[in-house]
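Residue numbers (my numbering), protein chains in the order written: chain A, 1 to 262; chain B, 1001 to 1189.
Next comes the structure, spelled out in structure tokens:
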């Protein structure tokens, strides 16, 4: 090995990074070459001094103030913010939904059935119309008045959809509850054969962008003779004929009198 | 617990885990900072490094080892600080006076003691340019491999080796200037 190559590999030799064969070659060269041996010894002394310098230099502990300067991790703040937004969104959505579920928000106007219509296929047909207390436009009023008494034996027709008011689009549509403006006709009630007063509570609900399409109609009939009270609640029905099962229960007065055959 | 687990906990905001990391690497970061900006600024730089690392920890992907990442932050931050310091007040290195370029035999004998040697070596290290001093100290003070040094400094591994060797060469020249050839002294002594 020549001096140039030896000096080139001296650092690796001093650090013990040379392969065994090369390490032996460099070591043998150093034994015979005074110049390279001097360089190797200087190098070894400097490395030793560096090492000692590193070991002897005292380093103080981290200052106590460092711990106080560590800020709360931002990712946590982001996480909490996201959680808060998610919670508020969920709460808003649930609240909206809950408002829809918890209808009605106030006592609705009532429509009382006063007409008893002839039977159709051995079932009474009760035509209901709105109470005068319910606001409606004059045209609709006249229509509903005209349709309030359909011809004998003819099933009531489906009323036309009410005109939708123009609604300004909102980012978060507000749930609304209002009385139905549509003529409530053609409700087929599979009640008993006897005449019963029917209380109809027409309500519509939905969002501002879904105007009054669904009905929530609650019909309660009570037979003065038998005391049998029948309640019909139909939600989100299409406009038109309404046919559903009655839920029956006896009122307090009915308990005192025998139930007549419905 | 493995260091990787501690780092992951610290990433999730566990301050206790991060305190373990700070205490583990404080002295190494302090020394590395001191080698670049001097002891007076070392503690401040080390604190800033650990604060920066704490803030940046969530972005650390553990693709390299934690200490390599930490050293990279230290080197970058300390070099920026040093540039700023140099602009404001150029760092004064202790240079040997002209008349001491060839020290007397008495001076050489006095400097022969290890303490003096270390002191001189420390001065010479400080006088090295940053691009030579940093790889040298990362290698011999922080026991990093050349591959790690290359990753920290953003240079090739061979460049890291060459710069380290070049730094040692300069120190060796200084050494010989002050203490003479070791074998010659032995022969002469």
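Even for Gly, the Cβ is constructed at its ideal location relative to N, Cα and C.
Source: prediction; values computed, not measured.
The region 1116-1125 of chain B makes no contact with the region 1138-1148 of chain B: fewer than 3 CB pairs, one atom from each, lie closer than 8 angstroms. Distance check between residue 1076 of chain B and each of B:1123, B:1135, B:1164 and B:1023 places B:1135 closest, using alpha-carbon atoms only. The beta carbon of residue 6 of chain A is closer than 6 angstroms to those of 26, 29 and 36 in its chain, skipping five residues each way along the sequence. Close to residue 1069 of chain B, with beta-carbon spacing below 8 angstroms, lies no residue of chain A; the smallest spacing is near 17 angstroms. For residue 1066 of chain B, no Cβ of chain A is located within less than 7 angstroms of the residue's own Cβ.
Spatial neighbours of residue 1133 of chain B in its own chain (CB-CB distance under 8 angstroms, excluding positions within 5 residues in sequence) are listed in chain order as 1035, 1036, 1125, 1126 and 1167. Between residue 1060 of chain B and chain A, the shortest Cβ-Cβ separation is not below 7 angstroms. The C-beta of residue 59 of chain A comes closer than 7 angstroms to at least one C-beta of chain B. Taking 7 angstroms as the cut-off, the beta carbon of residue 49 of chain A is found no closer than this to the beta carbon of residue 14 of chain A. Between residue 1022 of chain B and residue 1050 of chain B, the CB-CB gap stays under 7 angstroms.
Contact annotation for residue 49 of chain A against chain B: 1117, 1118 and 1121 [CB-CB distance below 7 angstroms, chain order]. Under a 10 Å Cβ-count criterion, residue 1144 of chain B is classified as buried, with 16 or more other Cβ atoms of the shown protein chains found around its own Cβ. CA-CA distance, residue 54 of chain A to residue 1025 of chain B, rounds to 14 angstroms. One thing to note: residue 46 of chain A has its Cβ within 7 angstroms of the Cβ of residue 1171 of chain B.
Annotation for residue 1156 of chain B: 1150 place their beta carbon closer than 7 angstroms to its own, counting only its chain and skipping 5 residues before and after. With a threshold of 16 other beta carbon atoms within 10 Å, residue 1053 of chain B meets it and is buried. Each of B:1152, B:1038 and B:1164 was checked against the Cα of residue 1063 of chain B, and the nearest Cα belongs to B:1152. Think of a sphere of 7 angstroms around the beta carbon of residue 1177 of chain B: no beta carbon from chain A falls inside it, the nearest being about 11 angstroms out. Out of B:1178, B:1011 and B:1142, the CA that lies nearest to the CA of residue 1123 of chain B is found in B:1178. If you ignore the 5 residues before and after residue 9 of chain A, its C-beta comes within less than 8 angstroms of the C-beta of 18, 22 and 26, all in its own chain and listed in chain order. For residue 67 of chain A, the C-beta contacts it makes with chain B under 8 angstroms involve 1015 and 1019, in order along the chain. With a threshold of 16 other beta carbon atoms within 10 Å, residue 31 of chain A falls short and is exposed. In this structure, residue 1045 of chain B keeps its C-beta atom at 7 angstroms or more from the C-beta atom of residue 1056 of chain B. DSSP places residue 4 of chain A in the helix class (H, G or I) of the three-state scheme. Annotation: residue 1164 of chain B to residue 34 of chain A spans about 24 angstroms, alpha carbon to alpha carbon. Spatial neighbours of residue 1079 of chain B in its own chain (CB-CB distance under 7 angstroms, excluding positions within 5 residues in sequence) are listed in chain order as 1036 and 1130. Chain order gives no chain B residues near residue 64 of chain A, where near means a beta carbon separation below 8 angstroms; the closest approach is about 11 angstroms.
For residue 1131 of chain B, there are no neighbours in chain A by C-beta distance under 9 angstroms, as the nearest C-beta there is about 17 angstroms away.
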